[in-house]
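Novice: Going left to right, the sequence shown walks through residues 138 to 389 as my numbering numbers them.
For glycine and all other residues, C-beta sits at the position ideal for the given N, C-alpha and C.
If you scroll down you'll find the structure; I have some questions about it.
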Amino acid sequence: MGDHIEGVLLDIDDTLVDTRGAFTHALAAVRVHYLPHIPDSQHGEIVAMWRADANGHYGAYTRGEQTADEQRMARANELHAAFGGAPLDAAAFEAWNNTFMTAFAAGWKPFPEARQVVDQLREHGYRIGALTNAGEELQRRKMALCGLEDVDILVTLDTFGVGKPDPRVFHEAARMLGTQHQHTLYVGDELDVDARGAKAAGLRGIWLDRPGTRRGGVHVEDRHVALNEGIPVISALNELFTHHVLGERKAT
């Protein structure tokens with residue numbers, strides 16, 4: 138596979154950056170301020186509900202149907218309804234969102250292998266970019282704080298007002314990298330949005346299925362499905378090399 142790949146596009150959240158960990162940190166702050174009756178033992182349930190997003194609000198955001206704050210407010214109110222919190226009107230949500238986002242940013246950390254893999258990709262001659270289903274300002278701050286701001290290009294939800302799996306975002310990222318679709322690899326943690334989306338757009342998709350990080354809910358998360366569709370599955374970014382997905386590019 139690696140002999141035909143010229144550029145590698147990486148998802149950001151839960152691929153380069155441990156966003157699940159950051160959500161855990163953010164929702165701990167929310168629980169202290171808004172759900173103090175919920176014991177520590179139930180915190181995992183709060184995080185699981187947030188990440189599953191069973192009613193698909195974040196998906197609506199990536200399709201341009203809701204703003205970032207609208208989807209977050211809807212999810213916050215669903216969370217409060219499920220765990221006995223007070224309903225949030227616009228003013229109450231503004232304070233809630235400040236609590237959430239402050240703690241969220243404080244929890245941003247790269248995965249241990251992320252920096253090494255980006256360096257390794259560059260050393261092996263690949264063009265490197267990031268393609269994400271979040272806004273540009275947020276993601277640039279996140280990448281900078283995690284020491285990963287040196288990727289060659291960044292395509293965000295702001296580029297077209299929609300995100301993955303819309304093929305336009307994959308095509309734009311490949312265009313900016315200067316690589317043909319079939320010679321561009323996309324790596325992300327969501328099988329349906331990332332790997333399947335990349336493949337449908339004519340790129341090469343890989344599903345990063347880290348142990349213990351699946352979202353559940355409406356998300357397709359089945360290794361057999363991926364492998365039957367010809368989508369390679371890895372458990373960590375450094376397996377791009379150790380599992381021979383990529384090799385050193387030959388000079389052209």
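1. Less than 7 Å between C-beta atoms, sequence neighbours within five positions excluded: which residues of the same chain meet that for residue 389?
2. State buried or exposed for residue 287, treating a residue as buried only when at least 16 other CB atoms are found within 10 Å of its CB.
3. For the structure I just gave you, are there three or more beta carbon pairs, one from the segment 254-273 and one from the segment 162-170, closer than 8 Å?
4. Label residue 297 either buried or exposed according to how many other C-beta atoms from any shown protein chain fall within 10 Å of its C-beta, with 16 as the threshold for buried.
5. Let me know if residue 387 comes out buried or exposed under the rule of 16 or more other beta-carbons within 10 Å of its beta-carbon.
6. Return the residue from the list 362, 382, 192 that minimises the CA-CA distance to residue 371.
7. Going residue by residue through the segment 285-343, where are the continuous beta strand (DSSP E) segments of at least 3 residues, counting only ones entirely within it?
8. Could you please give the first and the last residue of the uninterrupted alpha helix (DSSP H) stretch that includes residue 390?
9. Any idea if residue 327 is buried or exposed, counting beta-carbon neighbours within 10 angstroms, 16 or more meaning buried?
10. Would you kindly work out how many angstroms separate the C-alpha atoms of residue 252 and residue 224, rounded to a whole number?
11. Can you name, in chain order, every residue of its own chain whose Cβ lies under 8 Å from the Cβ of residue 144, other than the five neighbours on each side?
12. At least one CB of chain D closer than 8 Å to the CB of residue 330: is that the case?
13. Under a Cβ-count criterion, where at least 16 other Cβ atoms within 10 Å of its own Cβ denotes burial, should residue 349 be classed as buried or exposed?
14. Pop quiz: residue 213 and residue 233 are said to be a contact at Cβ under 8 Å. What is the actual Cβ separation, rounded to whole angstroms?
15. Are the CB atoms of residue 210 and residue 237 nearer to each other than 8 Å?
16. Quick check on residue 226: buried or exposed, where buried means 16 or more other Cβ atoms within 10 Å of its Cβ?
17. Express the C-alpha separation of residue 171 and residue 182 in angstroms, rounding to a whole number.
18. From residue 169 to residue 378, what does the alpha carbon distance come to, in whole angstroms?
19. What number of angstroms, rounded off, separates the C-alpha of residue 302 from the C-alpha of residue 331?
20. Comparing alpha-carbon positions, which option in 375, 216, 340, 201 lies nearest residue 300?
21. Which residues mark the beginning and the end of the alpha helix (DSSP H) in which residue 196 is found?
Specialist: Straight from the coordinates:
1. What you label residue 389 is simply residue 252 of the sequence shown in a count that begins at 1. Here residue 389 scores only 42 on pLDDT, less than 50, and its place in the model should not be relied on; the value that follows carries that caveat. Hits under 7 Å: none found.
2. Within the sequence shown, the letter at position 150 stands for residue 287. Exposed: under 16 other Cβ atoms inside 10 Å.
3. no
4. Numbered from 1 along the sequence shown, position 160 holds the residue referred to as residue 297. Per the 10 Å Cβ criterion, exposed.
5. By 1-based counting over the sequence shown, the position of residue 387 is 250. Reliability of the predicted coordinates at residue 387 is poor, the pLDDT of 47 falling under 50, and the value obtained from them is presented with this limitation in mind. Exposed, since its Cβ has fewer than 16 Cβ neighbours within 10 Å.
6. For the purposes of this step, residue 371 is taken as the residue at position 234 of the sequence shown. Taking only the C-alpha atoms, the option nearest residue 371 is 382.
7. 290-292, 321-325
8. What the structure shows of the chain is the stretch from 138 to 389, and residue 390 is not part of that stretch, so it cannot be assessed.
9. Taking the first residue of the sequence shown as position 1, residue 327 is located at position 190. Buried.
10. To locate residue 252, count along the sequence shown from 1; it is residue 115. To locate residue 224, count along the sequence shown from 1; it is residue 87. If I take the Cα positions, the gap works out to 41 Å.
11. Indexing the sequence shown from 1 puts residue 144 at position 7. Same-chain partners within the cutoff: 263, 264, 265, 266, 311, 314, 315, 316, 320, 321, 322.
12. No chain D appears in this structure, which consists of one protein chain only.
13. If you number the sequence shown from 1, residue 349 lands on position 212. When all chains shown are included, residue 349 counts as exposed.
14. For this step, residue 213 is matched to residue 76 along the sequence shown. For this step, residue 233 is matched to residue 96 along the sequence shown. That belief holds up - the Cβ atoms of residue 213 and residue 233 are roughly 6 Å apart, short of 8 Å.
15. As a position in the sequence shown, residue 210 is number 73, starting the count at 1. As a position in the sequence shown, residue 237 is number 100, starting the count at 1. Contact flag unset, no.
16. Within the sequence shown, the letter at position 89 stands for residue 226. Label assigned to residue 226: exposed.
17. By one-based count along the sequence shown, residue 182 stands at place 45. By one-based count along the sequence shown, residue 171 stands at place 34. Using only the alpha carbons, I get a separation of about 15 Å.
18. Sequence index remark: in the sequence shown, residue 169 carries index 32 (1-based). Sequence index remark: in the sequence shown, residue 378 carries index 241 (1-based). Each residue's Cα considered, the two are about 42 Å apart.
19. Here the question's residue 302 lines up with position 165 in the sequence shown. Here the question's residue 331 lines up with position 194 in the sequence shown. Roughly 7 Å separates the two Cα atoms.
20. Counting from 1 along the sequence shown, the entry for residue 300 is found at position 163. The shortest C-alpha separation from residue 300 is found at 201.
21. As a working note, residue 196 is residue 59 in the sequence shown. Per DSSP, residue 196 belongs to the alpha helix (DSSP H) from 194-199.
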